[in-house]
Amino acid sequence: MTKPSTLEPILLRWSEHVPVSDVQDPLGLSLRGSARLASRLLYCITSITPRARYFSFIPWCVQNWQKKEKGRPFAVGLSDAIALRERALTLGCVAHHDGKPCTGGALVGSDNVAIWFRKGLPDVDLRKLPFAKNPALAAYFTSLVNLGFFVVEDETTTSEESEDEVTQTFDDIKLSPLGTELAKAYARRVGRLDSVAQVSTMRRRCTVSSLSLWGSRGGLCELADASSPDRNLLRDIFFARNAREETSHFVRSRSLLLILHLARSLSKQNAQLDEQAFGLAVYFGEIDFDDGDKLTVKWPLPLLDIATRWRMFYFHHYMSVALEGAFAWLVTQTAETGLRGTTIKQLCGTLNSPSVRKELATILGRKLEGPFGTLTPMSLLEDYVDGFESLDANTSKILDDAMRPTLEISETYLEDLIRARTFPQSRVGLAIPMLLLCITLSRFAQWEGTPYGNWLASVSTDPYVDIVPPALNGGLTRRFGAWWKSSWVELAEFVLSKYVVQQHQTMSYEKTAKGDRCLLQVDGDRITTRPNEVYEQIGMGNARFHSAVRILKDLGLLSDNADGITSLTEDGAQLLDDRPAIQGPV
Amino acid sequence: MKYLEFSSFFDGEPANIACMSTFQFDPDYFERRLLRSPALSKARRIIIFVDAHQWFQRLRQELPARWLNRRYLVAPVQHSPGVFHPKLTLLLSQSGGQVICGSNNLTRAGCSSNLELLNSSPFTFDANDQDALNIAREAFAFFERAAEQTDGEITRVIGEWLNDAGALYPWLREPVTAPPSKRRVLLLSTYNGSMWDRLVKHLDADKPNNFLVISPFHDSDSNICRRVARQWPSAKIELVIQQGCTSLAVGPLRKMRTVRLSELAGVSRRVHAKLLAWRGTKGQGCLAGSANFTSAALDGRNVEASLLIAEADEQVRALFDGHLSRRSIAIDDFEPGDVSEPTIEGELPPLRINSALLALNNEFRISFSHDFPSPPSALRLTLRTPGENRPRVSINVTSKAKGTQSVKLPDGVLSDTHGTLLATLIGEVNGVRIESPTAWVIQESHLTFEPGSGSSSPRSRIEDSGDGLPAYLDALGKQDGITAVIEYLGHLTIRFDDGGGSGQSLRKFRLRIRDPFSHDNAPTWLINSKDKSDDLEAAIYEFVERHERQRLLRHVSRGNVNGMENFLDIFLTLIRLLHVYYRRGVVKKAQLIHRGCRLIEIAMVGCKREEEETLDGYLTSVYKHLDGDRHLLQEVCNETNYLAEIRGTFLVLQSIRFDPQERPKFGPRAIRPRDVLPKWAKAVKSAVTGCGLKEPAADRIRKALDSFEVLSEGEIKRVLAELP
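Those sequence lines, one after another, are chains A and B. The opening residue of the first sequence carries number 26 in my numbering; numbering runs sequentially from there. The opening residue of the second sequence carries number 31 in my numbering; numbering runs sequentially from there.
Have a look at this one:
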């Protein structure tokens, strides 16, 4: 510290405050829970990498740049070179589809390119073509690395003497044999096109019609075409036919097979494969349709393991909906109290109000024996388990069998209530999340300490901030012992205090150093928020599911019929029956 | 007026000692915001004085705190009948310091959302600003008084720290000689009696005719307000309130003609500032700090700290210079808040830990109280780390009503812990199990941060010096499994630095596959991964050999004395890695001895590279490069504790190698550890004497052995007894 000769005192200054900025994932349950689980279950398929063609196109870009440009006077860097080729592909696809992007969407930069296309110009300077701010490379690159398309650090020979180490740049990346094979396969499809040749010249100009040909061969939806040389290779990759042991590639493969299996079962009933159906199938093992029909899902033995892991994912999901629902309700209720604020005690005290009792009785279709807040989860569970004394693996299983998705007390029903627009203002806005939380944990109890429960627990790498059902159950048990015997008010006070308010404050510092992603302020026991504050984005769901389905469609394993029902293609059916990579490690 | 961020007060140089006081304390906020500031992140010692009653209430909430009582000490202050309410900070650093006295608690709301009033009095030693130094003296005296109101063990620790500070900054304990009337700013605290009495004396001199009061809390009977009106009947009193928030009884005010209300226009933040300002015919001034406009605060029932500022008119006016303005409000239009002034709220937990301290030699001292009508039939102390659901230690303690007890923890029971430790007391009363709120164990040996022992992240620290490698491997193993540990060791290379500047290479562009695949093991990762321990063993040997070749032998060939610290960092990292995993049964004994002795050779006398020439050891190589300048070599060895570290390592190897039952094939039978590995013992001795150096003293070797961190006190004593 420099030593100023005089230091003036600072007297009577108002304190600055940290303004609140945009808040997403307020409790970190998505980023630190479901995203980690999903990355294990659908490794290398993220919510922003839904198109399989990019997985061969980008390696081709690298190879094409290395062969045609690198070292030449007009060459641009690899990153810019890929972006140029991406522009060409996007315009090619849009041109091929008469001004529209590829079926299934996610053609990066297509909006701007489609506007340009409508001008009807005959040729294009690719350098000047308006494009997306974030090219596909940014989204797909990590997945490509993890899939083994590039030579990674431990495969490069390092010098014994570190003084000889060469500093690598992005331009120095090398394709692995697998990446090279993919690049070659894509090149076989488009390599001889005039537009492809032009993209790596100094002028970077070509005709729109020649790009249209590129789109017709190397576009996103055109991968499903059996004549695409990269299609089978990508199938092998996504289904881990070349994978080494002990990796998540096998897990992804099984997840994709699980989706194929469910698609087959659903299409037989002319039902749509969607995220909700998938969730119900893995969590409850049954899907109830609006018309009263029911599909009981029986997973083949080899898929039972992956289905159970997805079930763990949904335990976390329902827990997240409960906690985020409580958060959303708390924010709204607190906002209504203005600067005066409220306390957790006051908020939880509402559980004892007659209106909560009355409304819950209507929702649950049962009479409550006293104010809801004074009752216990046990009094609820007793209705489903004869002689219920203790929540253990046995009673949890009985409960699991008894609580089917059609019941008003089931997780799916409670989730719907929480997702309703009026929920944050609802009088039962705390009771419903608490019910959902306790039902979820009670159903999960049978998995505590089992390999699947441990697998879910291992997602929690930081005991201070990572909340997953086993961690929450552990916290409740540490605090209350047999927590199901504690009153709803006691439980709610603890859950709101530790897992909602405190967790939200802690997470705000995980996101930014200033902690500005925070909607709640706590002063002593008093909580305040900004006037009219609301939080509505409850539960992030299964963001990778849609990408997985899209990739299966791109690979020609699933397709939609005229009614929009997704079913297996012949190839899909054959692949499912062959069940590749099931033998991989669990 | 520009608003000021509270955290900006902590942008200065690292504090030698930071004493901070607050009514409420939020460790999560403190650790994530203030503890990362330049002044505190490398502060040598940090004490947070907090109201004990409030703290016990907070303990019930299972706060997330990673460094509490390990990096900074929380000292609950027991004060009655009022509360411990000051918001005073004293920072003392190398070239100066700062006294911060405001209205804000060390909570997120207090430091980043409420509207608070902040004051700071900085000073440097060379400026000799006696006004500022006097405030620092008063603050130091304040904290010495506060320390007396803490629990026994905490009082002892703080007492030692404050004595150290007193010795380092002797002027702190010199009396304040300047009379109050000659000072512009004074620190008033209720430890020195009623603030009201001193205010009256001061105010009488100023002959006040206008008062401005900002306070979130007032007496329920407007006691102080009425007192002011009685004392200076012609003075006008303006109370600045906040609708729905300020706790103020309007009934008594209606009878007081000199009182009027105003509010801050357009303020959407909770006003928590406390200010009593006045203007008079003979002077003006203000009182700003923690004291509310209540009798509890001003009469001295609470512990409060505020600054009494003379000639403050300009600053008071500046508070309302455009950003904020006041507007009058009729008493009948005022809606008071329902939050009452801070008092001792709620009951204390019936069973509570006043302090729990882990001393150096695995001795655990616990101080506790309980309010049970009859003594509990059993009382157990349990210890766990934050991630553990069940305690790892459970020990019976005496079930007295209030007591302090020392217990000896089993050897090695905490050797694998590298963070906070949590203690809970469990009592059984009439067959009912009652738990105390969890308390953070004071880890005394970790609380003093020595310069150079910290870095921004564990990974960068390891890459820099190897420091913290075993702990990081544990965390990594816990998180990603043993495969990740093996992979990490395979890729880790500790930085080479011999002072020549070539070690500062650019960060490489890296491509790595990251596979989140996880086994179904419970997070006790190593126990359940025995099948992988062979791979781990191989990875450790590969790591050691690679660093031998690429780092240590490179140091040997260069013989640069400036590289001694880096050589030692790497040497110790390798030795400790081998040693930790030997204790865990992963590294074989023969391998530890063989590799350890080879490392000793490289450090001291020399070794033979496979199929290559024989090399000097690092010490002899440096000696040659210095052309025999033994004084310089001794100086650097002393600075780095080089010889003691090598000697300590060798003693550990000898103690492990020694087997009293062994019948040697050659030579005499070893009677005690110092008899084994004679070839290396001789080599170490000859290297030291050959370079004309002095053997390290026992206390230096002791320090080296302490830094192994896994050796118990008994083991260290046994090892030291083998000194030649």
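All residues carry an ideal CB built from backbone N, CA and C; glycine is no exception.
What distance in whole Å lies between the Cβ atoms of residue j and residue i, which are believed to be in contact at a cut-off of 8 Å?
i, j, result
"L521 (chain A)", "A351 (chain A)", "6 Å"
"L98 (chain B)", "T450 (chain B)", "6 Å"
"L151 (chain A)", "A113 (chain A)", "6 Å"
"L169 (chain A)", "F303 (chain A)", "Rounded, the Cβ-Cβ distance is 26 Å, inconsistent with contact."
"R569 (chain A)", "T71 (chain A)", "6 Å"
"A120 (chain A)", "G317 (chain A)", "Actually they are not in contact, since the Cβ atoms of A120 (chain A) and G317 (chain A) sit about 48 Å apart, beyond 8 Å."
"Q128 (chain B)", "L121 (chain B)", "5 Å"
"L466 (chain A)", "P494 (chain A)", "6 Å"
On the DSSP letters alone, give me the boundaries of the beta strand (DSSP E) that residue i sits inside.
i, result
"S424 (chain B)", "V423 to N426"
"K285 (chain B)", "Taken as a continuous stretch (DSSP letters only), K285 (chain B) belongs to no beta strand (DSSP E), as it is neither H nor E."
"C316 (chain B)", "Q314 to G319"
"M50 (chain B)", "A45 to T52"
"T148 (chain A)", "What sits at residue 148 (chain A) in the sequence shown is Asp, not Thr. Segment D148 to D150, the beta strand (DSSP E) holding D148 (chain A)."
Would residue i pass as an interface residue toward chain A - the criterion being a Cβ-Cβ separation below 8 Å?
i, result
"M50 (chain B)", "no"
"F547 (chain B)", "yes"
"N193 (chain B)", "no"
"A45 (chain B)", "no"
"I600 (chain B)", "no"
"F36 (chain B)", "yes"
"T137 (chain B)", "yes"
"G182 (chain B)", "no"
"N596 (chain B)", "no"
In the DSSP assignment, find the alpha helix (DSSP H) that holds residue i and state where it starts and stops.
i, result
"R260 (chain A)", "P254 to F263"
"L269 (chain B)", "Per DSSP, L269 (chain B) belongs to no alpha helix (DSSP H); it is in the beta strand (DSSP E), K266 to I271."
"E440 (chain A)", "E436 to R444"
"T531 (chain A)", "Q528 to K536"
"A306 (chain A)", "E300 to Y308"
"Q345 (chain B)", "D343 to A348"
"K654 (chain B)", "Y648 to H655"
Using beta carbons (cut-off 8 Å, strictly below), is residue i in contact with chain B?
i, result
"E185 (chain A)", "At E185 (chain A) the pLDDT is 43, less than 50, meaning the model places this residue with poor confidence; the figure from the coordinates comes in the next sentence. Interface residue, yes."
"Q530 (chain A)", "yes"
"K523 (chain A)", "yes"
"F175 (chain A)", "yes"
"E178 (chain A)", "yes"
"V493 (chain A)", "no"
"Q546 (chain A)", "yes"
"V559 (chain A)", "no"
Check this for me: beta carbons of residue i and residue j, under 8 Å apart or not?
i, j, result
"R588 (chain B)", "D659 (chain B)", "no"
"S104 (chain A)", "L162 (chain A)", "yes"
"L580 (chain A)", "L259 (chain A)", "yes"
"T18 (chain B)", "L136 (chain B)", "The shown model of chain B, from 31 to 754, leaves out residue 18 (chain B), and the question about it has no answer."
"A327 (chain B)", "E334 (chain B)", "yes"
"D504 (chain B)", "H577 (chain B)", "no"
"I570 (chain B)", "L519 (chain B)", "yes"
"A321 (chain B)", "S336 (chain B)", "yes"
Got a sec: does the ligand GDP put a non-hydrogen atom nearer than 7 Å to the Cβ of residue i?
i, result
"V520 (chain A)", "Inclusion of the ligand GDP in the displayed structure is not the case, the ligand content being empty and no account of it being possible."
Please identify, using Cβ separations under 8 Å, the residues of the region 42-72 of chain A that lie next to chain B, in order along the chain.
H42, V43, R61, S64, R65 and Y68
Short-range partners of chain B found in the region 356-374 of chain A, where Cβ spacing is below 7 Å:
G363, L364 and R365
Could you run through the region 76-93 of chain B and flag, in chain order, every residue whose CB is less than 7 Å away from some CB of chain A?
Q91 and E92
The region 139-166 of chain B: positions lying closer than 9 Å to chain A by Cβ
A139, G140, C141, S142, S143, N144, L145, E146, L147, L148, N149, S150, S151, P152, F153, T154, F155, D156, A157, D159, D161, A162 and I165
Residues of the region 434-461 of chain B in Cβ contact with chain A at a cutoff of 8 Å, in chain order, please.
none
Looking at chain A, which residues of the region 416-427 of chain B have a Cβ within less than 7 Å of any of its Cβ atoms?
P416, G417 and N419
What residues from the region 318-343 of chain B come within 9 Å of chain A, judged by C-beta to C-beta, listed N to C?
A318, L337, I339 and A342
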